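Q: The sequence shown begins at 177 in this note's numbering and counts up by one.
Following this message is one structure expressed as structure tokens.
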Amino acid sequence: MLATESIREVFTGATDLTIELYTEYMDLNRFQGAGYEQNLADLYALKYHDAGVDLVLLTSTTSLDFWLGRRDHILPDAPAVFYDIVEKDIAARRIPPGIFGISTAVRYEVAADWILKTLPEIKEIMLVYGTGEADRAFSAPVDNFKRNLPARLALTDWSRLSLPEIKQRAAELSGDKVIFYHLMFEDAAGSKYRPIDALRELAAVSAVPIISGYDHFIGTGTIGGFVYSVEANSKAAAALALRILRGQEPRVLKVADTHQRFIFDYASLERHGIPGSALPPQSIVKNRVVPLWQAYRSQIIAVIAGFASLLIVTAVLVALNRKLGCARRELLRLNAELEDYAHDLERRVHERTLHLEEANRKLQSLSQLDGLTGVYNRRHFDKRGQELWQEQAAGNRPLSVVLLDVDYFKAYNDAYGHQAGDQCLQLVASALKSQAEGAEGSDDVFARYGGEEFAVVARTDCLGAQRLAENLRVAVRALDIEHGHSRYRRVSVSVGVASVDGAATVSLVELIRRADQALYESKASGRNRVTVWAARSEVAMG
Numbered sequence: 177m178l179a180t181e182s183i184r185e186v187f188t189g190a191t192d193l194t195i196e197l198y199t200e201y202m203d204l205n206r207f208q209g210a211g212y213e214q215n216l217a218d219l220y221a222l223k224y225h226d227a228g229v230d231l232v233l234l235t236s237t238t239s240l241d242f243w244l245g246r247r248d249h250i251l252p253d254a255p256a257v258f259y260d261i262v263e264k265d266i267a268a269r270r271i272p273p274g275i276f277g278i279s280t281a282v283r284y285e286v287a288a289d290w291i292l293k294t295l296p297e298i299k300e301i302m303l304v305y306g307t308g309e310a311d312r313a314f315s316a317p318v319d320n321f322k323r324n325l326p327a328r329l330a331l332t333d334w335s336r337l338s339l340p341e342i343k344q345r346a347a348e349l350s351g352d353k354v355i356f357y358h359l360m361f362e363d364a365a366g367s368k369y370r371p372i373d374a375l376r377e378l379a380a381v382s383a384v385p386i387i388s389g390y391d392h393f394i395g396t397g398t399i400g401g402f403v404y405s406v407e408a409n410s411k412a413a414a415a416l417a418l419r420i421l422r423g424q425e426p427r428v429l430k431v432a433d434t435h436q437r438f439i440f441d442y443a444s445l446e447r448h449g450i451p452g453s454a455l456p457p458q459s460i461v462k463n464r465v466v467p468l469w470q471a472y473r474s475q476i477i478a479v480i481a482g483f484a485s486l487l488i489v490t491a492v493l494v495a496l497n498r499k500l501g502c503a504r505r506e507l508l509r510l511n512a513e514l515e516d517y518a519h520d521l522e523r524r525v526h527e528r529t530l531h532l533e534e535a536n537r538k539l540q541s542l543s544q545l546d547g548l549t550g551v552y553n554r555r556h557f558d559k560r561g562q563e564l565w566q567e568q569a570a571g572n573r574p575l576s577v578v579l580l581d582v583d584y585f586k587a588y589n590d591a592y593g594h595q596a597g598d599q600c601l602q603l604v605a606s607a608l609k610s611q612a613e614g615a616e617g618s619d620d621v622f623a624r625y626g627g628e629e630f631a632v633v634a635r636t637d638c639l640g641a642q643r644l645a646e647n648l649r650v651a652v653r654a655l656d657i658e659h660g661h662s663r664y665r666r667v668s669v670s671v672g673v674a675s676v677d678g679a680a681t682v683s684l685v686e687l688i689r690r691a692d693q694a695l696y697e698s699k700a701s702g703r704n705r706v707t708v709w710a711a712r713s714e715v716a717m718g
């Protein structure tokens, strides 16, 4: 969430660009396997095929590996920017043209050097990190720390222990020891955690300070240390993305910037008796408890000044006692005017609020409509179609998708002009809407799917969808719009139908794909006909 908000903050500041940000949580740390990744790739390819994506942001090694393997299937031409990946992992991969990134490093040895200099009583470091597949993707800082650990400090690796065992041992540690916590997605017993939750559990019972390497861990019980800033790294990645979006493609593959500094948590320092004088110069201390006078200095001064002013005013009022009556009457008059003004202001604010609410309702309605034809657009179709599919899956009800395509529409545009083409689409949409909205129930959705394509998702079985499709085809023919470049000499539509009964477990994406396949069969079979998708055969009407 910190990285996402930081990126959004940078993009919001780019007033010269209009940026629409989509966020996908791939969950590759918990779900692995080629099948899962292929399903994700298929979903993204379908979801963003017509979205006009200009750039992809990738966080962590796992998402970078996914994109390197699936990029050509999803968005082959879109540039990508990665971040939150260490130099070692970047060097181990072949990064193709069009992919750029921000490298980082977590350097625990810097915090260890600080301990040697300022906390000489520390003799041993207890190292805590996870051992699962997700943890291994982030192992480079731990390996580097082991190689560069100062010789005066002993190291005990607790990675072979479960988190409950680690907590038990941490609670019994003596004052000459300190814990270094990296990340834990999975402990030695196979239990899975969010790294920040595992750290909270450990810090709650630890008898010694815990050093960590990430700024978003501050406030969980760790004292902090020489930490990597997720916020700074993600902002740098967003800045690099803006350069690419503005056409300023970088000349180098990556920009090395560790974004590390000493950051500490005030409450944890106090708990373990570490004074501020022991911290490195220019350290940042968060969650500091500020004395009342420092926290509210300006307010206290203002109160004192106000009190002094009150005394002066009181003295003046005493001296002007004979004018007090007149002042009271004037005050009553002003109060009455103020009340009248307040009532009028409240009324105007209420009216303005009603106007704004009405404008918001109209804007919401317009965002769901196609600007040319006035029917629902693709966004509304996807949203409402998913809702109907979920209701179908929960209630074992039939559901059907009908896809329509205006035959030889490019030839129509070329022959009669785009203005005539727009008028043609408007007439066709109106005729289809009249048929679709009167069929099978008020919850059915009719929309312009894109270009000369229209779509219906309806709560009906295959037979009902077939009847609806034929009615739609006939309605367009009844418009009798001349089309000299069509084999039928009139504007017509090809229709594909796919249905699922209440017992089937077909996704909406698959249902749309089947309808699209049936539509293809209609066009291949001569157009101006209805084809119903079937596993082994197609049922056609023309």
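Beta carbons are placed, not taken as given, at the ideal position from N, Cα and C, and that holds for glycine.
Predicted, not measured: the structure shown is a model, and the values here were computed from it.
Is the beta carbon of residue 413 less than 9 Å from the beta carbon of residue 260?
A: In this structure, residue 260 lies closer than 9 Å to residue 413 by Cβ.
Q: Exposed or buried, what is residue 659 when buried is set at 16 or more other beta-carbons lying within 10 Å of its beta-carbon?
A: With 16 or more other Cβ atoms within 10 Å, it is buried.
Q: What does a CB cutoff of less than 7 Å around residue 230 pick up in its chain, not counting 5 residues either side in sequence?
A: Only 254, 421 meet the Cβ criterion.
Q: On the three-state DSSP scale, how would you describe residue 501?
A: Helix.
Q: Quick one: residues in its chain with C-beta nearer than 8 Å to the C-beta of residue 411, no 5 flanking neighbours on either side, listed in chain order?
A: So the qualifying residues of the chain are 182, 183, 185, 186.
Q: Indicate whether residue 643 and residue 548 have their beta-carbon atoms separated by less than 9 Å.
A: Result no, Cβ atoms of residue 643 and residue 548 do not sit closer than 9 Å.
Q: Quick check on residue 344: buried or exposed, where buried means 16 or more other Cβ atoms within 10 Å of its Cβ?
A: So residue 344 counts as exposed.
Q: Would you list the one or two residues that DSSP bridges to residue 490?
A: DSSP output for residue 490 lists no bridge partner at all.
Q: For the alpha helix (DSSP H) holding residue 374, just list the boundary residues, first then last.
A: Element bounds for residue 374: 371 to 381.
Q: What would DSSP say about residue 357, mapped onto helix, strand or coil?
A: If DSSP states are grouped into helix, strand and coil, residue 357 belongs with the strands.
Q: Run through DSSP, which three-state label would residue 429 get?
A: Caution applies to residue 429, whose pLDDT of 41 falls short of 50 and renders its modelled position unreliable; the value that the coordinates give is listed next. Residue 429 falls in the coil class under three-state DSSP.
Q: Please go through the segment 521 to 580 and give each complete alpha helix (DSSP H) segment of 4 or more residues, from N-terminal end onward.
A: You should have 554 to 571.
Q: Measure the alpha-carbon distance for residue 564 versus residue 689 and round it to whole angstroms.
A: Spanning the two alpha carbons is a distance of roughly 17 Å.
Q: Given a cut-off of 9 Å, decide if residue 328 and residue 292 are closer than it, judged by their beta-carbon atoms.
A: Contact: yes.
Q: If you drop the 5 nearest sequence neighbours on each side, which residues of the same chain put their C-beta closer than 8 Å to that of residue 213?
A: Here the set comprises 204, 242, 245, 246.
Q: Can you look up residue 196 in the DSSP assignment and give me helix, strand or coil?
A: Coil, per DSSP.
Q: For residue 336, which residues in the same chain have their Cβ closer than 6 Å to its Cβ, ignoring the five residues on either side in sequence?
A: Only 364 meet the Cβ criterion.
Q: Look up residue 221 in the DSSP assignment and give the residues it is bridged to.
A: None; residue 221 has no bridge partner.
Q: Hey, quick one: how far does the beta strand (DSSP E) through residue 260 stretch, first residue to last?
A: That run of the beta strand (DSSP E) goes 256 to 262.
Q: Evaluate the contact criterion for the segment 666 to 681 versus the segment 206 to 221: three or more CB pairs, one atom per stretch, below 8 Å.
A: Too few Cβ pairs lie closer than 8 Å, so no.
Q: In this structure, what does DSSP give as the bridge partners for residue 276?
A: Answer by DSSP bridge pairing, in chain order: 257.
Q: Helix, strand or coil for residue 332, going by three-state DSSP, please let me know.
A: Three-state result, residue 332: strand.
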